[in-house]
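Input: a single structure, listed below in structure tokens.
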Amino acid sequence: MPSPQQARAQASAISSGKPVPEAEAAPTTRLRALFDGPRLSPGQRRIAQYLIEHITEAAFLSITDLAERVGVSQPSVTRFATAVGFSGYPALRERLQSIALSKLASTPEAAEEAEAARPNELQAAVDAEIDNLENLRRDFADPEQVIETGRALSQSTPLTILGLRISGSLAEYFAYAARRIHPDVRLVTRGGSVAYDALLQSREAGGTWVLAFTMPRHAHETLTAMRVARRAGLSVALVTDLGLGPLADEADVVFATGTGSRLVFDSYAAPVVLSAALLQAMTDADPERTQARLEDYEQVADEHAFFVKD
5 MPSPQQARAQ ASAISSGKPV PEAEAAPTTR LRALFDGPRL SPGQRRIAQY
55 LIEHITEAAF LSITDLAERV GVSQPSVTRF ATAVGFSGYP ALRERLQSIA
105 LSKLASTPEA AEEAEAARPN ELQAAVDAEI DNLENLRRDF ADPEQVIETG
155 RALSQSTPLT ILGLRISGSL AEYFAYAARR IHPDVRLVTR GGSVAYDALL
205 QSREAGGTWV LAFTMPRHAH ETLTAMRVAR RAGLSVALVT DLGLGPLADE
255 ADVVFATGTG SRLVFDSYAA PVVLSAALLQ AMTDADPERT QARLEDYEQV
305 ADEHAFFVKD
């Protein structure tokens with residue numbers, strides 16, 4: 005059996021051609037079969053009915069446009085996609101598009117137009133990330149948790165940033181920026197006893213918080229390191245793609261946001277924006293220190309010509 009990543013490598017191969025529309029039952033029949041099984045709420049039934057009646061157009065709408073056409077919220081569309089058996093709206097839209105193309109196959113002009121509107125593999129990956137960012141934007145409607153966590157991270161001296169395996173890139177980004185505004189940032193990107201030593205030393209030095217990043221595939225060593233941190237008396241803020249599960253259970257604060265999974269390797273548009281928001285909250289928590297440290301850094305950067313003049 006191929007691994008999930010191997011399967012994705014095969015499924016997401018970039019091509020210039022378009023898939024052949026499915027030649028099965030009538031599109032309306034296929035849509036009703038898709039929607040009739042689950043028990044849907046009244047709002048979800050409205051979405052289903054709209055899709056059945058307007059499939060050739062609706063299959064190519066963004067989640068925002070579809071929600072507006074039906075008169076429901078964007079989260080309602082996401083919940084509908086999950087209710088009918090898909091991981092999210094992008095996966096549902098992909099199925100709808102194949103059904104729409106089969107319906108249009110008998111009219112060459114319309115089929116050609118629909119094919120042109122259908123996103124290719126790279127565009128579909130971007131569409132999925134746009135959906136993730138839209139979900140994050142809705143989460144930011146109440147920024148209190150970000151503000152409070154940023155304040156706590158700002159006050160923790162030292163502040164430890166944990167990111168193992170592929171999550172190390174996100175941890176390095178955050179730590180690089182945080183060092184501009186915080187006096188003692190410690191980056192941990194190696195697991196095992198090295199991570200345990202760093203976490204224990206951070207606590208002994210007076211640190212109170214760890215910011216951990218964990219993205220798929222979630223590493224056991226990250227879970228163990230978080231447990232070590234909490235046993236040592238450190239609070240843990242977690243940035244991840246899953247709001248539930250053993251990793252979330254070990255965190256004091258969880259920020260869950262989607263990752264792009266349409267290509268062989270995941271993309272992290274939403275986690276990076278979330279990281280930048282936490283950094284902003286840290287700067288806002290101590291503006292005088294932030295200003296002083298940034299001014300000192302700019303002076304050193306100019307003195308040693310760190311950057312190319314634009």
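Counted from 1, the sequence shown has number 214 at position 210 by the numbering used here; the numbering is strictly sequential.
Ideal Cβ positions, reconstructed from N, Cα and C, are used throughout, including at glycine.
query, result
"Can you have a look at N136 and say buried or exposed, based on whether 16 or more other CB atoms are within 10 angstroms of its CB?", "buried"
"Count the other CB atoms within 10 Å of the CB of P250; is the residue buried (16 or more) or exposed (fewer)?", "exposed"
"With DSSP as the reference, label F269 as helix, strand or coil.", "coil"
"Can you list, in chain order, the residues of its chain whose CB lies under 8 angstroms from that of P31, leaving out five sequence neighbours each side?", "I59, I103, A104, S106, K107"
"How many angstroms separate the CA atom of R141 from the CA atom of L168?", "27 angstroms"
"Under a Cβ-count criterion, where at least 16 other Cβ atoms within 10 Å of its own Cβ denotes burial, should Q78 be classed as buried or exposed?", "buried"
"Would you mind stating whether A223 and A199 have Cβ atoms separated by less than 7 angstroms?", "no"
"Going by DSSP in three states, A104 sits in which element: helix, strand or coil?", "helix"
"Does R194 come out as helix, strand or coil in the three-state DSSP assignment?", "coil"
"For the candidate residues F144, Y272, A233, whose alpha-carbon lies nearest to that of D245?", "Y272"
"Report the rounded CA-to-CA distance for A209 versus S160, giving the unit in angstroms.", "10 angstroms"
"Thinking C-beta only, is L163 closer than 7 angstroms to V189?", "yes"
"Would you identify the three-state DSSP class for G211, choosing helix, strand or coil?", "coil"
"Among R83, Q101, T86, S45, which residue has its Cα nearest to the Cα of L55?", "Q101"
"Compute the Euclidean distance between the alpha carbons of A236 and R207, then round it to the nearest angstrom.", "7 angstroms"
"Evaluate R43 with the Cβ neighbour count: other Cβ atoms within 10 Å of its Cβ, from every protein chain shown; 16 or more gives buried, anything less gives exposed.", "exposed"
"Using 8 angstroms as the threshold, is the region 273-287 in touch with the region 178-196, meaning 3 or more CB pairs across them?", "yes"
"In terms of DSSP beta bridges, what is L163 paired with?", "V189"
"Report all residues from its chain with a CB closer than 6 angstroms to the CB of V24; omit the five preceding and five following residues, and keep chain order.", "Unreliable positioning characterises V24 in this predicted model, as indicated by a pLDDT of 42, which lies under 50. The coordinate reading is nonetheless provided below. Correct list: empty, nothing qualifies."
"Hey, would you say A255 sits closer than 7 angstroms to V268, going by beta carbons?", "no"
"Which residue's Cα is closest to the Cα of V258: Q127, T218, D314?", "T218"
"Go through the region 216-266 residue by residue and report every complete run of the alpha helix (DSSP H) that reaches 4 residues or more, in order.", "224-235, 250-253"
"So, with DSSP's three-state summary, where would you put F310?", "coil"
"If I follow the unbroken alpha helix (DSSP H) through P123, where does it start and stop?", "Unbroken run through P123: none, as it is neither H nor E."
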